[in-house]
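Chemist: Take a look at the following structure, please.
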Amino acid sequence: MITRRRIICSILSALAFCACSLFSHQTPQRIVRVKLLADVAFRARNPQWQSEARGLIEAASDYYEREFNVRLIGQSVAAWPEQERVDSTPQLLTRLQKYFPPQAKRDDYDLIVAFSGENVSRYLTAGRPRVDRVGNCRQGLSRYIVAPIAKIFRYAGVNREPEPDVVTLIHEFGHVLGAEHVDDNQSLMHEDFGYRTEFDAKNRAVIEKNKFCPFAK
């Protein structure tokens with residue numbers, strides 16, 4: 071005769087086994103170490119610019135942790151360029167690659183994100199956020215993001231709906247992981263992404279496939 075105690079123990083054992091199985095099959099988290107840079111205009115408008123830069127990355131990380139189990143960690147925050155104002159994002163990206171070349175020793179970060187506070191329109195070629203290229207496993211993931219930030223950002227917690235500047239970061243980091251522009255105007259990877267916060271199925275699959283790829287050397 072099976073006792074009540076044995077039945078209870080059997081149920082508890084089965085639950086424990088299921089819980090262990092779930093955790094053992096969970097995808098490992100990808101950690102991306104980010105070096106943060108802030109240009110003259112970004113620093114000038116907010117005395118707390120270092121906290122703002124970290125908050126922007128934290129907000130983008132909240133999204134990627136929830137959707138893809140990818141964690142972005144701000145390793146350091148620095149002033150760059152220190153004095154000169156650069157109001158063109160292509161020029162800023164070119165200088166970024168020159169001053170922080172990919173062949174330099176970079177044991178302390180995987181990706182550089184440069185924030186600009188210049189008053190540029192993202193609808194103009196000179197003002198759009200950009201990455202060095204779309205990442206892939208064969209050549210490695212992208213190394214640089216330039217992100218114009220339209221207004222002062224204050225991090226408000228993990229459950230906050232992403233603000234437009236955070237959506238921009240999410241979009242650009244999507245390019246780092248291999249996501250490309252699509253015609254689907256409901257997708258976050260549409261060129262005019264606005265307030266959209268969902269990836270299309272194709273780009274979601276690309277990000278899942280590429281998220282453990284090495285960064286470009």
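For the sequence shown, the positions run 71 to 287 when our numbering is used. Note that the Cβ used here is the ideal one computed from N, Cα and C, for glycine as well.
Give me the Cα-Cα distance between Ile-277 and Arg-198, rounded to the nearest whole angstrom.
Modeler: Whole-angstrom Cα-Cα distance: 22 angstroms.
Chemist: With 16 as the cutoff for other CB atoms within 10 Å, does Leu-92 come out buried or exposed?
Modeler: In this predicted model, Leu-92 has a pLDDT of only 44, less than 50, meaning its place in the structure is not dependable enough to derive any value.
Chemist: From Thr-159 to Gly-187, what distance separates their C-alpha atoms?
Modeler: Thr-159 and Gly-187: Cα-Cα distance of roughly 11 angstroms.
Chemist: On the DSSP bridge list, what partners appear for Lys-105?
Modeler: In DSSP, Lys-105 forms a bridge with Ser-146 and Ile-182.
Chemist: Considering only the beta carbon of each residue, do Leu-106 and Val-228 sit closer than 9 angstroms?
Modeler: Against a cut-off of 9 angstroms, the Cβ pair of Val-228 and Leu-106 comes out as no contact.
Chemist: Who are Phe-285's beta bridge partners in DSSP?
Modeler: DSSP lists Leu-211 as partners of Phe-285.
Chemist: Residues in the same chain with beta-carbon distance under 8 angstroms from Asp-178, minus the five sequence neighbours each way, listed in chain order, please.
Modeler: Cβ neighbours of Asp-178 beyond the five flanking positions: Arg-103, Lys-105, Gln-145 and Ser-146.
Chemist: Nearest by alpha-carbon distance to Arg-208: which of Trp-119, Ala-286 and Ile-127 is it?
Modeler: When each option's Cα is compared against that of Arg-208, the closest is Ala-286.
Chemist: Hey, quick one: how far does the alpha helix (DSSP H) through Thr-164 stretch, first residue to last?
Modeler: Residues 159-169.
Chemist: Just to check my reading of the structure: Ile-219 and Phe-112 have Cβ atoms closer than 8 angstroms, yes? What is that Cβ distance to the nearest angstrom?
Modeler: Sure, about 6 angstroms apart at Cβ, within 8 angstroms.
Chemist: Please tell me whether Trp-150 and Ala-217 are closer than 9 angstroms, where the distance is taken between their beta carbons.
Modeler: No.
Chemist: Nearest-angstrom Cα distance between Asp-253 and His-260?
Modeler: Near 6 angstroms, if we compare the C-alpha coordinates of His-260 and Asp-253.
Chemist: Per DSSP, Ala-217 is paired with what?
Modeler: Phe-185, per the DSSP bridge assignment.
Chemist: Below 8 angstroms on the Cβ atoms is my contact criterion, and I expect Ala-123 with Val-236 to pass it. Report the Cβ-Cβ distance as a whole number of Å.
Modeler: So it is not a contact: roughly 12 angstroms between Cβ atoms.
Chemist: Following the continuous alpha helix (DSSP H) through Arg-274, name the residue where it begins and the one where it ends.
Modeler: Start and end: 271-280.
Chemist: Based on DSSP bridge pairs, tell me the residues matched to Val-140.
Modeler: Arg-100.
Chemist: Would you say Gly-205 and Leu-247 are within 9 angstroms of each other, going by their C-beta atoms?
Modeler: Yes; because the gap between Cβ atoms is below 9 angstroms, this pair is in contact.
Chemist: Cα separation between His-245 and Cys-283?
Modeler: In a straight line, the C-alpha of His-245 is about 13 angstroms away from that of Cys-283.
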